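**Q** I have a structure here, written as structure tokens, and I will follow up with some questions on it.
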Amino acid sequence: MSVITANARDSGVVTWRNLMNVRRQPDLLLGATLQPIMFVLLFSFVFANSIGDDPAAYREFLMGGIFAQTVAFNSAYTTIGMAADLEKGVIDRFRSLPMARAAVLVGRTAADLAVSAIGLLVMSLCGLLVGWRIRGSFLDAVTGYLLLLLFSFAMSWIGAFIGLISGSVQVAQSAGFIWMFPVSFISSAFVSASSMPGPLKAFAEWNPITAIADAARDLFGNTARTGVLGRSDAWPVQHAALYALISCAVILLIFAPLAVSKYRKVASK
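According to our numbering, the residues represented by the sequence shown are 41 to 309, in order.
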């Protein structure tokens, strides 16, 4: 059996193990689905009349941002999962087995990718209920969902690295979520980056979450944006899909090796 085949087999086993944990602890899945539903309903019916001139247009604008924010926030569940395995000694058990070490990380990120896919499905149904529609082609819509899942996979490697350096589940719960709030809200997830002042505008324009949200809106055909929902002239905003792909690639190139390196150090103790 080749090394690649063995690694794929081991990764598949660990992925299935993590998915079974979700089935035994459904609250993990509820956390990944209920929060975005709350955001959709809150912003659609509480803030929509105060942001922009057309509440219906804002609801379509909102969904791309909710998609991007949710798949980014799901990295926190990777953080908590890795920290829990460390704390419970599961990593030590894996280390004693004749299996590829990278399989633990790949299995964790792959399982959380499946959870993100379920979350996107639930959010899409919720969006349809509040008036959101996919107005682009079928192929563009599929590309939009694939881009969101790619971003989710990239962010999960950040979560895996943070989980490995956290040391405990309690620390991981704070470390996994706290940095995501300013990063996700200083973006075009809920309002246009062009409406922000000075340094916040520059940060939001180059924020990968802005690129993912804008690219999703483009691919889903939700492009009716005027006034406070209008786009700035910054390069990453005008080339959202390209910048989103670049951002995903950079995140993977940086954090996948960091997570693997940290896992080797942890597993060798």
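Ideal placement from N, C-alpha and C gives every residue a C-beta, glycine not left out.
Just so it is clear, the structure is predicted and the values come from calculations on it, not from any experiment.
Can you check whether the CB of V111 is closer than 7 Å to the CB of S51?
**A** no
**Q** Check R271 in the structure and name its three-state DSSP category.
**A** coil
**Q** When you compare only the Cα positions, how much space is there between M220 and T119?
**A** 12 Å
**Q** What number of angstroms, rounded off, separates the C-alpha of Y303 from the C-alpha of L204?
**A** Their Cα atoms are separated by approximately 7 Å.
**Q** With the cut-off set at 7 Å, would you say I174 and F260 are in Cβ contact?
**A** yes
**Q** Span of the alpha helix (DSSP H) holding A140?
**A** Segment: none, A140 is in no alpha helix (DSSP H) and carries neither H nor E.
**Q** Leaving out five residues before and five after T315 in sequence, what residues of the same chain have Cβ atoms less than 8 Å from its Cβ?
**A** For the chain, the structure presents residues 41 to 309; residue 315 sits outside this window and is missing.
**Q** To the nearest angstrom, how far is the alpha carbon of W172 from that of S214?
**A** 33 Å
**Q** Alpha carbon to alpha carbon, how far is K128 from V277? Give it in angstroms, no decimals.
**A** 44 Å
**Q** Around the Cβ of A299, are there at least 16 other Cβ atoms within 10 angstroms (buried) or fewer (exposed)?
**A** buried
**Q** Between V144 and F79, what straight-line distance do the alpha-carbon atoms span, to the nearest angstrom?
**A** 32 Å
**Q** I'd like to check one pair, A140 with N262: are the Cβ atoms closer than 7 Å?
**A** no
**Q** If distances are taken between C-alpha atoms only, which option among F87, D125, T73, G176 comes closest to N61?
**A** D125
**Q** Are the beta-carbon atoms belonging to T149 and S196 less than 7 Å from one another?
**A** yes
**Q** Does the Cβ-Cβ distance between G270 and S234 come in under 7 Å?
**A** yes
**Q** Assuming the contact rule is C-beta atoms closer than 8 Å, A280 and A255 should be a hit. Round their C-beta distance to whole Å, please.
**A** For a cut-off of 8 Å, the C-beta gap from A280 to A255 is around 4 Å, short enough to register as a contact.
**Q** Whole alpha helix (DSSP H) runs in the region 88 to 113 with 4 or more residues, listed along the chain?
**A** 95 to 113
**Q** Contact defined as beta carbons within less than 8 Å: I believe A253 pairs with G104. What is the distance between those atoms, to the nearest angstrom?
**A** 5 Å
**Q** Whole angstroms is fine: what's the gap from V170's alpha carbon to A151's?
**A** 29 Å
**Q** Helix, strand or coil: how does DSSP classify M41 here?
**A** At M41, the pLDDT of 48 sits below 50, so the modelled position is not reliable and the matter cannot be decided from this model.
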